[in-house]
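These protein sequence lines map, in sequence, to chains W and S.
Going by my numbering, the first sequence opens with residue 1, and the numbers climb by one from there.
Going by my numbering, the second sequence opens with residue 10001, and the numbers climb by one from there.
Quick reminder that beta carbons are idealized off the backbone N, C-alpha and C, glycines included.
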Amino acid sequence: MKKVIYSFLTLLLIISAGCKKDFFDINDNPNYPIEESLTPALILPKVLHETSKKMATSYDFAASWMGYWARSGTYGPSNPLENYDITSSYEKDEWVNGSTTVYSPTVSWYNILMDNSVMEKKAQETGATFYVGMSKVIKSIGFMYLVDEYNNVPYTDAFKGTEAISPKYDKGQDIYNDLLAQLDEAVKLFADAQLDANPGLSTADIMFGNGSTSAAAFTKQKLMWRKLANTQRLKLLLRQTELYGSTIPTAELAKITDDGSGFLLAGETASVQPGYSVNEFQQNPFYDTYKYNFTGDNADDFNRANNYLLYKYADNDDVRYQYVFSEAETPLAGNIYWGYDFGFVDTDPDQPKAVNSSDVAGPGLAKSPTQRQWLFTSVESLFLQAEAIQRGWIQGTAESAYRAAVTESFVWLEVENATTEAEQYLNSGSSIVNWGTATDKIRLIVMQKYLALPGINNFEAWVDYRRLGVPTDLPLSLSPSRNGRVIPVRLQYPLEEFSYNAANVAAEGTINPQTSKVFWDK
Amino acid sequence: MRKTLSSLFILLLIAIHSIAQERTVTGTVTAKEDGLPLPGVSVKIKGTSTGTQTGANGNFVIKVPANNAVLVFTYIGYATQELAIGSRSAVSVVLTSDARQLGEVVVTALGIERQKKEIGYAATTISSGTLTNVNAVNVANGLQGKVSGLNVTTISSGVNEDVVINMRGLRSLTGDNNPLLVLDGVQMELNYLSSLNPNDIESVSVLKGTSSAAIYGPGARNGVIVVTTKRGTADKPVITASNSTQFSSISFFPKLQTQFGSGGYGEYIPYENWSWGPAYDGSTVNIGRPLPDGSQQSVVYSPTDERKDFFNTGLTLQNDVSLSTKDFYLSIQDALIKGIVPDDENRRTGIRLNASREYGKLKAGLNVNYIQNNYKVFNDNGMEDYFTAQGTGGNDGLMSQIFNTPAHIPISKYKNFTTDKFADYNGYYNDYGLNPYFAIDNWRNEGKRQDVVANLDLSYKIADWISLKWTPSISSRTIGERDFSRGEVPNSFGAGRSFNTVPGNVTERNNNRTRLSSELFANLNKTLTDDFKITGIVGTYVRQNQQRITSVGASSLVVPELFNIGNRTGNLNGASLEYKNRLFSIYGSAGASYKGWANIEVTGRNDWTSLLAVGNNSYFYPGVSGSLILTDAIPALQNKKAVSYLKLRGAWNKTGNAEIDEYSLAAVYTQPSYGGFPFGSLPGFTAGNTTYDADLKPEFIKSTEAGIETGFLNGKINLEATYFYQDNTDQIISVRVSDATGYNFANLNAASFTNKGVELDLRLTPLIKFKDGNFQFRANATYNDSEITSIYPGLEELSIGGYVASGNYAIVGEPAFRIKATDYLRDDQGRIIVDRFSGYPSEDPNTKSFGRTLPLWIVGLNPSVNWKNFNLSALFEYKGGHEASFFAMGSDMAWTGVGRATARNNRERFVLPNSSYEDPANPGTYIANTNVTVSNVNDFYTGVYRDVASNFITSAAAWRMRELSLSYDVPAKFLAKQNVVKGLSVALTGRNLFIWVPKTNEYTDPDFNSVRDDYDNTFGIINSQSNPPVRMYGFNVSARF
């Protein structure tokens, strides 16, 4: 009896000894870091890689609508891509993360910008001002895309977690204005940044850092980020040309001039290189999405050359079709370059398939699985500058800026004898390219911008089409279920917002992607 | 062989059997009502735990001490009887059925057996015979339809039937709703039920309310399933061997159209998987492309049953041997399950040893169970990943590959994909899908799951009225499994058809979880006066859960079919994760009973958990329950035949819990493999999807229940009814939030809801008596409803999971849960708005609310007939009042044109019923549509129709024949001539033989749920990864030696 009572007491003792505080202090996550243990340098590479990946691989729909690409004969009709009947689930991964349970979920802008905002917060806490500046540039890019697709979106309430569980929407115009203000701050932060205050910068900055911590390297890095920021400022302003009309946004332009670093010039493409390699999930994103995957298989059997663009090149003796499109793997009847009419439903069982047609990752674009991934090309920058000069917004000679931009396109694509080819093309007299005979120089510049950016920046074509209606002869989808719809002017808010942020999305009223334009689309 | 076996048993017996001065008594037990023998009656020698059970013919043999022994006969539903043997060597005993259920004993908290009449809350006991009536491999399936308040849902078919158990609805919107499993006094995770050998089980007690939470802690808020395994009672060793053989075949196949074959827009295309071709006409057509050697298949252009023929007849074989003797039970079981999907197989092998011994006041016992599950199944997720990587939608799920095969394709002829040129990867007829035989061979999941459960059981009787019990236990589950893809490289012909390489890859996973627990309590039971009795429990419980998950994979193997991660190019991917949590509790209860008819009990418990921050991690919760037996208490009601038993009971309690995942107090950052990082030495982190509240508090549930138990006509009719009401507040939920918050989910204290219902149990035993037999009838019914009262400031609804276009939602003012889904744009009269020219409707961007996903009513009916040694028993179950969404499955069928709906109007243009179009003269008003037809039926079904999820939502109501069995006990006289076999019974059994669903359900079993792995609390979201439901039928032979 005593024995039992003693052993019972001993047991109680053991148990109560176990109940000291540290008995329960085992809830620190042993598997993943939490915010406390992160530094900006641990986040930046992911942000830069995902931003450039998104810009390069997320706009197939724009490429299709804009006459760049079309569905191959291997696939059946694809709606709403081809009938323009935009639903709330269409392209929702611009806003909403893909399900993480699938093989390779898409990453949304809000996801990228969330990481970017954490980076900014961490950088601000530690006085790492260069990182703060970079986060502001990325923010101006990401939110520009969201506004260009949805107009009003959550901005001031975004990324507040449980503090703003139902984030309200801001006006597209207000967001643009703030993005410009962010960029003003960013260039100042870059200018004043000290290397010591920004640890890990030379390797974490996979865009303009080169691994060297020398003062010279840092100076170059600062300069390039300022050029990128300035070019992005110009891009945001040019988006609004139809709002400004003949008014020149002098004050905003003066800020760019005051910075003094200028824009991205020929050969100064902003691109990232985290160390792309032939591994699953580690190839260059453009190459991995449209050319070959890591096993060496065709990555994309859906997107193929659109006859509209193919003939725009070929009919005007423009060799660039051989650089933005590929030769058919198995040509039929000698048709080495073969494209499709967008939206056409072909019931002929022997119609050319993916292997018989031209893929959209031509040798000028998909050069290697380990190439750098462009984010802001010199080509686009030169066209932006040409348009700004022509509008009298910035100093310069419009014609030479235009010729430089077209030439840069040939050079960028590594066209054989690029400058000679470009020269010949520019001088060909064809109305599609001839400066002298063009009555509307702005439309000429933008049309050439259109011809310079297929695959490089598909989204810009959709922006310029909505802004200026270029190209003017762009055919509509041949889909039998199009029913009079035209190219959408925006995306519908994602279903998730209707479900999880219902009151705020409802406050935006009824959205019709056929008619509800974004603020700069007049 | 038998000789060696029995000598082995003899050896075992020598070790445990002490021989004393004894003599043998034989006897028969019969029932007073019908004079029939009663099998399974417990016969014990009073004052000891020595005893036996009566056999099939009511006979028993027992060794008694030489001096005056008293035998105690107990049997559920009958009055316990004591009999002094004197010097007799043969006795016959007649038991009287106990109208008042005085004898009914329920195993309650901590394994304490209590008289049912004393209990203030609802509890039901199921005997082993009822549980294993039709030889369900999974114990959970054996519970289906048998207990009111219990919703046992089989959510998939296949070799591992996944089963979800909910008791009295839900306690948590996004968290855990699994009842607690208590196995031989040890708290276990519910999923261990599927590893248990049903034949090892002595009884299952279902404690429905939250009342036992005070004793069992937070896990018991969802009810408790108390499983007690067998331990021997008979002095003489009894060896039981049984075999159960069951076959399974499809009980419900989706309704598919059989009018149109492959092609698009009415044109025949020989290599299409779209069934949008011309109507079947019996002509001879080519299928597939001509092979490089010029050969091409041709078939008759007519529909066939080939899609059904793809499936095999499944087989479930269970072999059991057990040995039991006094305080000793040893068993081995081997269950082999071959599924209807070719090559799917699971084999469960388990052994159990239960042994105990008494040393005066000390009793020491050990229960050990080891189970191995070896499974080899098709890995649907692997195939889905492949299709996702290919960028082809609509190909998810094996069933999708099969359903979406046009009806004239001889699919079952493509088994030999390695040798048949028309079946191999390159030559298969279809340009857009895979030969399903190739798919099931290529993507495999093979693994071994091992469970070890062991516990000591030490008890010490300090005095007559107080005893101590200590149950330390360890349970461990180890899963080692491998997902792999064999891989396939197309030849030039395949490449010319745009076929890509199927990568060879492998992922190895090891999951090791261990639970250590210790339960120590003192049990007081003191009779103060003749009228007054008090009981009490004081105890403490401590538990640690630990889990380690390691996975490593190679996405590109070099040498084919060599599944070593060393055989690869590129990087390895994987993770090694560890989780640990601890819980410590102190609890107690005090009860008083006056004359046995007035009983009251108060309980209280305090928990400390490691899962919440210090300061929030200690919480207390009390409870009270009571019962009153009016037929004893009120003299006027005593000894009345019409109303022979009347008991009222009631209980109120509060339960606290914080059963959340470890480390749920701070957001994390990760480097997911699909993000590419790290690139060499360059890391890149991204924020996780969930934000957490660091100050999370425990959630509380207040439950009230009241019940009445009645017996009429001397207990021939028993009716039991319970009303329950639960108020769930401060729920720890995971709120799906706008992506603009930076997260997908916010984990916080929010949401409140109420849950209420009524449970009814009716027993008519016997309903009718006739010569040598009787007819019995049992029925149970549950009505359960709930209402969400709040979610979070600014949030009126909460996504529970499923598809965004069709998922489960909690909506304020509505029951848990509603399906919210996409629908057509409709006018103010509810008519579908169509385009005035094209006749096409469009999708409303706002999702709409549809039916509830949990059944409102569940009914179980159990008639049975006994005649001589035959027993015929059936079990029907009904669930109704709810809806299910077959969106993903139906959408696939609409896309490929195999769904029955797609053949509407022979695919001629038609006017969409109940539609209208906008009046061009008066925008905003709508004119009924009587003449605008959809311009193209093909485009309509493959377009907006398939996006609108409301097209695929139907009633989930179903009647099922869950069980049907005909058993026969071979009479003792047939066995009398030999003394090897002492008992023999045979049975024909059937499980889930029939399912009756409304006509609108053209898809599959509405109880299925294909997304539960990702969304725990969803119901009725079904895609093409779910195999068709099966019926099982076979026989069972059991012999005692």
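Around the C-beta of A10015 of chain S, are 16 or more other C-beta atoms found within 10 angstroms, so that it is buried, or is it exposed?
Unreliable placement is indicated for A10015 of chain S, whose pLDDT of 37 sits below 50; no coordinate value is reported for it.
In whole angstroms, what separates the C-alpha of A10079 of chain S from that of T10030 of chain S?
Their Cα atoms are separated by approximately 13 angstroms.
Could you name the residues of chain S that M114 of chain W contacts, counting a contact when the two beta carbons are closer than 7 angstroms?
Per Cβ cutoff of 7 angstroms: A10687 and G10742.
Any beta strand (DSSP E) of 3 or more consecutive residues that is wholly inside the segment 10818 to 10890 of chain S:
At a cut-off of 3 residues, the continuous stretches assigned as beta strand (DSSP E) that sit fully inside the segment 10818 to 10890 of chain S are 10818 to 10821, 10848 to 10852, 10857 to 10867, 10870 to 10880 and 10883 to 10885.
Answer yes if the segment 287 to 307 of chain W comes into contact with the segment 358 to 365 of chain W, meaning at least three C-beta pairs across the two stretches below 8 angstroms, and no otherwise.
With the cut-off at 8 angstroms, the segment 358 to 365 of chain W and the segment 287 to 307 of chain W touch.
Between A10590 of chain S and the rest of its own chain, which residues show a CB-CB distance below 6 angstroms, the 5 nearest in sequence each way excluded?
Excluding sequence neighbours, A10590 of chain S sits near G10536 and V10602.
Please report how far the alpha carbon of Y10645 of chain S lies from the alpha carbon of L10628 of chain S, in whole angstroms.
Rounded to the nearest angstrom, the two C-alpha atoms are 11 angstroms apart.
Output needed in chain order: residues of the segment 10723 to 10750 of chain S with a Cβ under 8 angstroms from some Cβ in chain W.
Flagged, chain order: V10735, R10736, V10737, S10738, D10739, A10740, T10741, G10742, Y10743, N10744, A10746 and L10748.
Give me the subset of the segment 271 to 297 of chain W whose CB atoms are less than 8 angstroms from a CB atom of chain S, sorted by chain position.
So the list reads P274, G275, Y276, S277, V278, N279, E280, F281, Q282, N293, F294, T295, G296 and D297, given in the order they occur along the chain.
Taking the CB atoms as reference points, tell me whether I10201 of chain S and V10224 of chain S lie closer together than 8 angstroms.
Going by C-beta atoms, I10201 of chain S is not nearer than 8 angstroms to V10224 of chain S.
Which residues mark the beginning and the end of the beta strand (DSSP E) in which V10043 of chain S is found?
Counting along the chain, the beta strand (DSSP E) containing V10043 of chain S begins and ends at S10042 to I10045.
Evaluate contact between the segment 10580 to 10590 of chain S and the segment 10528 to 10543 of chain S, counting only Cβ atoms and requiring at least three cross-stretch pairs below 8 angstroms.
Using a C-beta cut-off of 8 angstroms, the segment 10580 to 10590 of chain S makes contact with the segment 10528 to 10543 of chain S, since at least three inter-stretch Cβ pairs fall below that distance.
May I have the straight-line CA-CA distance separating V9954 of chain S from R10114 of chain S, to the nearest angstrom?
Because chain S in this structure spans residues 10001 to 11041, residue 9954 of chain S falls outside the shown range and cannot be described.
Own chain partners of R10515 of chain S with C-beta closer than 6 angstroms, once the 5 adjacent residues on each side are dropped
Beyond the five residues adjoining it in sequence on each side, R10515 of chain S comes within less than 6 angstroms, by CB distance, of S10475 and N10545 in the same chain, given in chain order.
Using a Cβ cut-off of 8 angstroms (strictly closer), state whether Y500 of chain W contacts chain S.
For Y500 of chain W, the answer is yes, since a Cβ of chain S falls inside 8 angstroms of its Cβ.
C-beta atoms of G10145 of chain S and L10875 of chain S nearer than 8 angstroms
Yes, these two residues count as a Cβ contact at 8 angstroms.
Taking 7 angstroms as the cut-off, is the CB of R233 of chain W close to at least one heavy atom of the ligand SAH?
Here there are no bound small molecules, and the ligand SAH is not part of this structure.
Interface residues of the segment 322 to 335 of chain W facing chain S [CB-CB below 7 angstroms]
Near chain S, meaning a CB-to-CB distance below 7 angstroms, the residues of the segment 322 to 335 of chain W are T330.
Within chain W, the residues that N10571 of chain S reaches when beta carbons sit closer than 9 angstroms:
Residues of chain W with a Cβ closer than 9 angstroms to the Cβ of N10571 of chain S are, in chain order, S277, N279, E280, F281 and Q282.
My assumption, with CB atoms under 8 angstroms, is that Y402 of chain W sits in contact with Y150 of chain W. Please give the rounded CB distance.
About 32 angstroms separates the Cβ atoms of Y402 of chain W and Y150 of chain W, ruling out a contact at the 8 angstroms cut-off.
Determine, using beta carbons only, whether S89 of chain W comes closer than 8 angstroms to chain S.
Answer yes: the Cβ-Cβ gap between S89 of chain W and chain S drops below 8 angstroms somewhere.
Between K10697 of chain S and chain W, is any beta-carbon pair separated by less than 8 angstroms?
Interface residue (Cβ-Cβ distance to chain W less than 8 angstroms): K10697 of chain S is not classified as such.
What number of angstroms, rounded off, separates the C-alpha of N356 of chain W from the C-alpha of T330 of chain W?
Near 5 angstroms, if we compare the C-alpha coordinates of T330 of chain W and N356 of chain W.
Does DSSP put V525 of chain W in a helix, a strand or coil?
Because residue 525 of chain W is not part of the residues shown, which for chain W are 1 to 522, the question remains open.
Under the three-state reduction of DSSP, which class applies to M55 of chain W: helix, strand or coil?
Of the three classes helix, strand and coil, the one that applies to M55 of chain W here is helix, per DSSP.
Length of the line joining the Cα atoms of Y84 of chain W and T10655 of chain S
A direct Cα-to-Cα measurement between Y84 of chain W and T10655 of chain S gives close to 54 angstroms.
By the 10 Å Cβ neighbour count, where 16 or more other Cβ atoms means buried, how is N10914 of chain S classified, buried or exposed?
Exposed: under 16 other Cβ atoms inside 10 Å.
Whose Cβ in chain W lies nearer than 7 angstroms to the Cβ of W10274 of chain S?
By Cβ distance, chain W contributes G76.
Run down chain A in chain order and give the residues with a C-beta less than 9 angstroms from the C-beta of E10267 of chain S.
As a matter of chain content, chain A is missing from the structure shown, whose protein chains are W and S.
From the beta carbon of S104 of chain W, is the nearest beta carbon of chain S less than 8 angstroms away?
Against chain S, the CB of S104 of chain W has a partner CB under 8 angstroms away; the residue lies at that interface.
Leaving out five residues on either side along the sequence, give the residues of the same chain with a beta carbon under 7 angstroms from the beta carbon of K10361 of chain S.
Within the same chain, K10361 of chain S has close Cβ partners Y10460 and K10461.
Can you have a look at A10099 of chain S and say buried or exposed, based on whether 16 or more other CB atoms are within 10 angstroms of its CB?
At A10099 of chain S the pLDDT is 47, less than 50, meaning the model places this residue with poor confidence; the figure from the coordinates comes in the next sentence. Buried: at least 16 other Cβ atoms inside 10 Å.
Measure the alpha-carbon distance for K10413 of chain S versus N10312 of chain S and round it to whole angstroms.
One C-alpha to the other measures close to 13 angstroms.
Neighbour list for S212 of chain W in chain S, Cβ cutoff strictly below 9 angstroms:
None at all; the shortest Cβ gap to chain S is about 15 angstroms.
So what's R10023 of chain S in DSSP terms, helix, strand or just coil?
DSSP places R10023 of chain S in strand when its eight states are reduced to three.
Hey, does A404 of chain W have any beta-carbon neighbour from chain S nearer than 8 angstroms?
Closer than 8 angstroms to the CB of A404 of chain W there is not a single CB belonging to chain S.
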